[in-house]
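In our numbering, the protein residues as written are 1 to 261. Reading through the structure tokens given below for one structure.
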Amino acid sequence: MAEARIISTFDAATGIARITLDRPETLNAIDVASAQAFLVAVRAAVAHEGLRCIVIRGSGRAFSAGGDVRAFADPSGAPAIIDVILGPMNEALLMLRAAPAPVVTVVQGFAAGGGFALALAGDVVLAAEGARFAVAYTKLGGTPDCGLTVSLARRIGKAKTLELLIGDAVLGATQAGAMGVVSEVLPDATFDAAVEERVARIARGPTRAYVACRDLLAGDRSYADQLEAERAAFVAAAGTRDFAEGVMAFAAKREARFEGR
């Protein structure tokens, strides 16, 4: 089995957990070992006390090329290998979807197939100007995975998503930004500094309110049910220390100092 290289860290002072795919020689392609290691890293990240933000990125010149196609070289074994890769990936993605803090994905270079889908698992997707996004699945005769048919369709609609899949599209960062695929496109020259500024700002924010906003938007409720969900969420938010701080800061005309509680 190939060596799994996932770097995971947590800064207790800022509440920022970082997960880095670290197989740059493969463009951070995902094989069985790295899928399992990614699950371990995500499980640890969401369990940290005082978590304020999770940051996911790739090392080197790519975010992730998606599934490691070399593992599919034997057609007779490909179905089983894909199944074993997607088991831990799906579990990790579900954990990220329910994470107690916002998830930020940071895309430099190439994000293809499952790598594209993983990038879209972020609540906030930050892309460098030079980033490229490729659906890639149909080029191999495959179909989407890692939640792409949900995450991409929610951003640009089902019809446009299908158009990109059938057309085996490759999007530049500027195009992806204009379409709403990514949250923000940042200059290559100042990318890392700009990312850190945005991550730090999110980590200083009202974490529980951010998560409640994400959860409200994730549901497919009727209008009446959504109104009730919003009411329940706001009532819960009003009982937090961050809400009390926000109200006091507003009255005092100063910046709020949120604690994520």
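Using N, Cα and C, we set each Cβ at its ideal position, and we do this for glycine too. Note that this is a predicted model, so its numbers are computed, not measured.
- Within the region 31-112, the complete alpha helix (DSSP H) segments of 4 residues or longer fall at 32-47, 78-97, listed in chain order.
- Rounded to the nearest angstrom, the gap between the Cα atoms of residue 100 and residue 240 is 15 angstroms.
- Around the beta carbon of residue 26, 16 or more other beta carbons sit within 10 angstroms, so the residue counts as buried.
- In this structure, residue 121 and residue 164 do not form a Cβ contact; the two beta carbons are roughly 18 angstroms apart against a cut-off of 8 angstroms.
- Distance from the CA of residue 140 to the CA of residue 105, rounded to the nearest whole angstrom, comes to 25 angstroms.
- Around the beta-carbon of residue 75, fewer than 16 other beta-carbon atoms lie within 10 Å, marking it exposed.
- Remark: fewer than three beta-carbon pairs, one from each stretch, lie closer than 8 angstroms, so the region 220-231 and the region 166-185 are not flagged as touching.
- Restricting attention to 46, 81, 215, the CA atom closest to the CA of residue 95 is found in 46.
- Here residue 248 is exposed, its C-beta having fewer than 16 other C-beta atoms within 10 Å.
- Per DSSP, the continuous alpha helix (DSSP H) segment holding residue 196 begins and ends at 191-203.
- Judged by DSSP secondary structure, residue 149 falls within the alpha helix (DSSP H) whose first and last residues are 148-156.
- Residue 117 and residue 211 have their C-alpha atoms spaced approximately 20 angstroms apart.
- Residue range 184-186 is occupied by the beta strand (DSSP E) that includes residue 185.
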